[in-house]
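Structure record follows, encoded as structure tokens.
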Amino acid sequence: MTFPERPPLGVPTGLGAYLTPGATSFTDFVAATAPHLLPGRVPPGAAPATGAGAAGALDVPHGTTIVALTFSEGVVIAGDRRATQGNVIAQRDIEKVFITDTYSAVGFAGTAGNGLQMVRLYSVDLEHYEKTEGVPLSLDGKANKLAGMVQANLAAALQGFVVVPILVGYDVDAEPAKAGRIVTYDAAGGRYDELLGYHAIGSGSVFAKSALKKRHDPGADLAGAVRAAVEALYDAADDDTATGGPDLTRRIFPVVVSITGPDGAVRRSEEEIEAVVREVVARRTENPGG
0 MTFPERPPLG VPTGLGAYLT PGATSFTDFV AATAPHLLPG RVPPGAAPAT
50 GAGAAGALDV PHGTTIVALT FSEGVVIAGD RRATQGNVIA QRDIEKVFIT
100 DTYSAVGFAG TAGNGLQMVR LYSVDLEHYE KTEGVPLSLD GKANKLAGMV
150 QANLAAALQG FVVVPILVGY DVDAEPAKAG RIVTYDAAGG RYDELLGYHA
200 IGSGSVFAKS ALKKRHDPGA DLAGAVRAAV EALYDAADDD TATGGPDLTR
250 RIFPVVVSIT GPDGAVRRSE EEIEAVVREV VARRTENPGG
């Protein structure tokens, strides 16, 4: 028989845990009161798996390609919709790009379950901080917060349950021309600012970045940036079997989020992305190489 994991001695439990003043970090609150709920935590009573084959033994779904690029008014992030399980398509319409607050969004590649849990907890943490402090966290603060969560997942990553996120945001304290920012991470929690203005993660990232290297225009408008992101995902799907291309039959299209100063983070409508996708497919029918 196994018993639920208990909080450390001296930590308030029940309603008292919620009424006791503490840090502004929701993640720290969960770590103190219910640590087994954090991403990457081995459930109570479960024997931790060992070695890189642990994730393979469970055969869990994996998310693939995410692209991000800056433009004249801010930043755009987009992701394909495929999750794979080995050489099998686990899900055709998974979402891997999420708006996390008014001026930020996160996409992830890697173990889908851990990634979804991490992004949800991150969104709650940002909301908790803003409600507690009365002001939103700065973009650098958001980037550092996510780095800590990725680092906390290191034990799971060593077992093969790797999650690599990419954060995009609009820095309201910067001049408009440099307000759109892209921050990337490694599996150990290291954070890196992408100063070239574009980046991609996931299995198709090599092909997506090659496309963005030629198509990225920092002075482009929103429509041009969205088009470049869709083109990059198309090129990734063309060469990487784990990346899902646009599915016109099922009407499954990439998730695209733009972040600008006036509008904040906005998920582009399916009708808008469908129009862009159909135009790209029509052009690629005439010229497959783009």
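Residues in the sequence shown are numbered consecutively from 0, following numbering that gives the first Met the number 0. Think of the CB as a built atom: it goes at the ideal place given N, C-alpha and C, for glycine as much as any other residue. Just so it is clear, the structure is predicted and the values come from calculations on it, not from any experiment.
The segment 205-217 and the segment 64-75 touch, with three or more beta-carbon pairs separated by less than 8 Å.
Of Val279, Val276, Thr248 and Asp216, the smallest CA-CA separation from Glu72 is found for Asp216. In this structure, the straight-line span from the alpha carbon of Gly133 to that of Ala222 is close to 34 Å. For Ser103, the enclosing beta strand (DSSP E) starts and ends at Ser103 to Thr110.
Under the three-state reduction of DSSP, Ser257 is assigned to strand. Contact between Asp79 and Leu232 holds, since their C-beta atoms are separated by about 5 Å, short of 8 Å.
For Gly188, the CB contacts under 6 Å within the same chain, skipping 5 residues up- and downstream, are Ala146, Val149 and Gln150 in chain order.
The DSSP-derived three-state label of Thr183 is strand.
For Ala228, there is no enclosing beta strand (DSSP E); the enclosing alpha helix (DSSP H) has its first and last residue at Leu221 to Asp238. Between Tyr102 and Tyr169, the gap from beta carbon to beta carbon is short of 8 Å. His61 sits in a strand when the DSSP states are folded into three classes. One alpha carbon belongs to Arg91, the other to Ala82, and they sit about 6 Å apart.
For Ile181, the closest of Glu174, Glu126, Val171 and Ile165 by C-alpha to C-alpha distance is Ile165. Counting the other CB atoms within 10 Å of its CB gives Val87 a total below 16, which places it among the exposed residues.
Of the residues assessed, Lys177 falls on the exposed side of the cut-off, its CB having fewer than 16 other CB atoms within 10 angstroms.
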